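Below: the structure, in structure tokens.
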Amino acid sequence: MQAVLIQAIVYLGAAVISVPIAKRLGLGSVLGYLIAGVVIGPFALSLVGQQADVMRFAEFGVVILLFLIGLEVRPSTLWDMRKTIFGLGGAQVVGTALAVAGVSLLLGLPWQTALAVGLVLAMSSTAIVLQTLDEKGLRQGPVGRAAFGVLLLQDLAVIPMFALLPLLATVAPPAVHGDGGHGASLISHLPAWAQGLAVLAAVGAVVGGGRYVVRPIFRFIAEARLREIFTAAALLIVVGVAGLMQTVGLSPALGAFLAGVVLAESEFRRELETDIEPFRGLLLGLFFITVGAGIDLRLVASQPLTLISLVLGLMILKFLVMFGIARLFGAPARGAAAVATALAQGGEFAFVLLTFTVGAGVIGATLAALLTAAVAVSMALTPVAVILYERIAERLNAAIPDVEPETGDFDEQEPDIIIAGFGRFGQVTGRLLAANGFRSTVLDTDIEQIELLRRFGRSVHYGDATRLDLLRQAGADTAKMLIVAIDDREKTVELVETARRAFPNLTILARAWDRRHAYDLLANGADAVERETFEAALSLGATALQKLGFRAHRAHRAASFFRRHDRKTFEDLRPMWGQEEAYILASRDAAKTMDRLLAADLQRLRPGDAGGGWDTSSLEMELRERAEREGAS
Amino acid sequence: MSGETITPARPTATSGVLLVLAHPALERSRANRALAKAAKTQSGVTFHDLYETYPDFAIDIEREQAALLAHDVIALQFPLYWYSTPALLKEWLDLVWLHGFAYGIDGNALAGKRLFVACTTGGGAKAYHAHGYNRFSMDDFLRPLEQTAYLCGMVWETPFVVHGAAVKTDEALKAEADRYRARVASLLAPADAELGA
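Line order of the protein sequences matches chains A and B. If you read the first sequence in numbering that gives the first Met the number 0, its first letter stands for residue 0, the second for the next number, and so on. If you read the second sequence in numbering that gives the first Met the number 0, its first letter stands for residue 0, the second for the next number, and so on.
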């Protein structure tokens, strides 16, 4: 217990100190974590013990990352990306593997080893690339999309590699390979056809389960309104899928991605994203720290020149291959350079694959250790390379106009309006806005309501809008307007206040319970409010007048007068709101004023009169007098 | 109620132009938008967008009368619909320019003020002629307003008319807008200076 606590203190402390400093220095959080890892690692301060255990735990960060990315990618998007994934991605893996193998061959390695090294080093780091692109705001654009397609194919390519690499063995395996990482699965003793069946069954289980089992379960949990259980269920899915995939020998990250894609179209998408997000951040951070801690500084110190040339050679080669391929696929020079820079490092799969190849007798232990160090260093250098790329691009910017605006988006377009609460009130407002061509994202907590609306193809998400993170997920940073139409008085005030503080540029409209609630909302930053029953009551009043014999226009005008006076009173009393006593006094006074105003209206509208504004009585009197005068003369 | 466009002024201190714009679909208009934009920037002009202030036709009579009292020049800007004003402008005249306020034995609140009409038409200038398809001149069509000014004891200013508004090029519209601004500015000048010119 004591040891676990100390470990936690070391990791968290290192992150808390290092990451903000790195961020402040413009180095990005990834580099911050990596540096923290190097500092606390066994070769510097040596504050960490069981590296391997932590590493395994931390790799889960990558799994969660892929799950979250899956949530953002709808199956149709994936289909649209097939050219990027298989074309660009396939070309990158094959091209890089061959190039690296060629250079290795020139350096005197036997062809089998050279090919194995090529395959291992063709992999890039999903975690580092995506995190870095995210930080630079490039992940949603064409650059991010290309990089993501390549990374996805690399994840897929790992599966055949485990099958292929043992065939390249040059020496007898040093031992019966026990723990071969991803290669060793529970079903490896089965015949090939059975293994294939098992893999298909597992994938089918993820797809079918996500569709038909998970959604009802989430609905059940959501109805119980237990937020932490919802989070637990979300984590359970990710862990479960990862476990299942590992059992059949697939990459857990790939399985998590698949599960994410399946759930991307469910109503729980936003809530899942929000709940899992913090785990992703922390575990990925931990992952980066372990990568940093894993850099063998003694090896670096003993063969500095070899290592430096290895790292630089690797990164430059990977950059050139990727750049050339991206250009062949029609990317503009700037975009191609950005993708190539982002993908120029070795990946976390290399660690696993290297362990595996040593076990299979393909690559020698010394070479593997050197390569492991080179991959780790190249990962650490990626944020630096990206910064360097940005500097150069900036320098060139003056000469070459930006040809590639970052506009594309994985998902639906950003909404104009966020509507919180889509019940009896929000619906009418939302329908009016939709009918006039405004896109809105709807957040609601009523599962039955969501079901119904989704059946009509509306974009409705499950979630409690008072959560700032969920608002942000829904697009509050870019939306023009937030409409708060929930029926909980306190929550409405809370939401208005939170949103006003976090998004100063957002126009906030809110549904108010009554006059006092309306004042309260305005005081907390709402731009406009509407008392929820006022207009309906007024409208019914006008109908009543009509049924009592008023002509329609007169009834309508009576209601208009009433509305105007009431709104004026509302504004007049507003400055007094807050001073409880003054308000009560003033409102009593206002009631009298209102009586007077109404009486005045009614007088003008008394039956027999022509009605306010069309009152011709004074004119008639004048005309009569004139006629009398003319008659007399 | 929106419509903070009218600054309630003391009825005794009158000054400037009350520019009353009536266009039910200003977002689709080119000419009236260009004209309004040009005149709005002129200091001394109180801009009053009727359809924006009273989308439900619920005109606040007292407030409108106070605004009329506070200005020397009443300018009405509108597109000609069926040889007349848009509905809300007519409603505004019906409701605000009341007997006993604007006309009648005791109604002299507007006496001495000037009434200026700025009007756009779809048809070209030739159509508004005894031999054109509209058979009457613009002066003929604006007679009701001219007579309104007369009955209220107001000075009738020569109307400002833009013909063929929908088919004007951007440059032509720009020129009209400049001409309009100059005209509004001249209304702001003291009446005797105008006579002297």
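From the three backbone atoms N, C-alpha and C, an ideal C-beta is built for every residue, glycine too. Computed from a prediction, not measured in an experiment: that's the story for all the values here.
What does the alpha-carbon distance come out to for the pair residue i and residue j?
i               : j               : result
T532 of chain A : Y80 of chain B  : 38 Å
V119 of chain A : A349 of chain A : 5 Å
Y132 of chain B : D48 of chain B  : 32 Å
A184 of chain B : A511 of chain A : 46 Å
F115 of chain B : G462 of chain A : 58 Å
V633 of chain A : P503 of chain A : Only positions 0 to 632 of chain A appear in this structure, which leaves residue 633 of chain A out of reach.
E270 of chain A : G346 of chain A : 30 Å
S75 of chain A  : V116 of chain A : 35 Å
F437 of chain A : G425 of chain A : 14 Å
R338 of chain A : L451 of chain A : The sequence as given places Val at residue 338 of chain A; Arg does not occur at that position. V338 of chain A and L451 of chain A: Cα-Cα distance of roughly 43 Å.
V53 of chain A  : A223 of chain A : 35 Å
N435 of chain A : L137 of chain A : 32 Å
K173 of chain B : G422 of chain A : 49 Å
T112 of chain A : S265 of chain A : 46 Å
Q41 of chain B  : L187 of chain B : 10 Å
N523 of chain A : F569 of chain A : 17 Å
E489 of chain A : G111 of chain B : 58 Å
P147 of chain B : W91 of chain B  : Residue identity differs from the one stated: residue 147 of chain B is Thr in this sequence, not Pro. So the alpha carbons of these two residues sit roughly 13 Å apart.
Which class does residue i belong to by DSSP, given the choice of helix, strand or coil?
i               : result
F533 of chain A : helix
F569 of chain A : helix
Y388 of chain A : helix
R62 of chain B  : helix
R550 of chain A : coil
I362 of chain A : coil
R182 of chain B : helix
W96 of chain B  : coil
Q344 of chain A : coil
I507 of chain A : strand
R224 of chain A : coil
R134 of chain B : coil
V19 of chain B  : strand
V47 of chain A  : coil
V160 of chain B : strand
D48 of chain B  : strand
I'd like to know if residue i contacts chain A, where contact means its C-beta is closer than 8 Å to some C-beta of that chain.
i               : result
H98 of chain B  : yes
D48 of chain B  : no
L25 of chain B  : no
I104 of chain B : yes
A57 of chain B  : yes
V19 of chain B  : no
Please determine, among the options, the residue with the shortest C-alpha to C-alpha distance to residue i.
i               : options                        : result
E26 of chain B  : B:G99, B:Y50, B:L94            : B:Y50
V15 of chain A  : A:A541, A:E534, A:Q448, A:I288 : A:I288
V47 of chain A  : A:V260, A:A368, A:A292, A:A332 : A:A292
R562 of chain A : B:A117, B:A101, B:K89, B:Y53   : B:Y53
P165 of chain A : A:V361, A:K317, A:L129         : A:V361
L155 of chain A : A:S250, A:G12, A:A197          : A:S250
With a Cβ-Cβ cutoff of 8 Å, do residue i and residue j count as a contact?
i               : j               : result
G69 of chain A  : F286 of chain A : no
V95 of chain B  : I58 of chain B  : yes
L442 of chain A : A475 of chain A : no
F709 of chain A : F217 of chain A : For chain A, the structure presents residues 0 to 632; residue 709 of chain A sits outside this window and is missing.
G334 of chain A : V61 of chain A  : no
Q76 of chain B  : L141 of chain B : no
I275 of chain A : F66 of chain A  : yes
S458 of chain A : T444 of chain A : no
D486 of chain A : G420 of chain A : yes
R180 of chain B : A37 of chain B  : yes
G254 of chain A : A233 of chain A : no
G99 of chain B  : D105 of chain B : yes
K317 of chain A : A343 of chain A : yes
A24 of chain B  : A74 of chain B  : no
Would you verify that the beta carbon of residue i is, or is not, closer than 8 Å to some beta carbon of chain B?
i               : result
R563 of chain A : yes
E276 of chain A : no
E621 of chain A : yes
S17 of chain A  : no
S617 of chain A : yes
S559 of chain A : yes
Does residue i come within less than 8 Å of chain E when only Cβ atoms are used?
i               : result
T491 of chain A : Looking for chain E here will not work: the only protein chains present are A and B.
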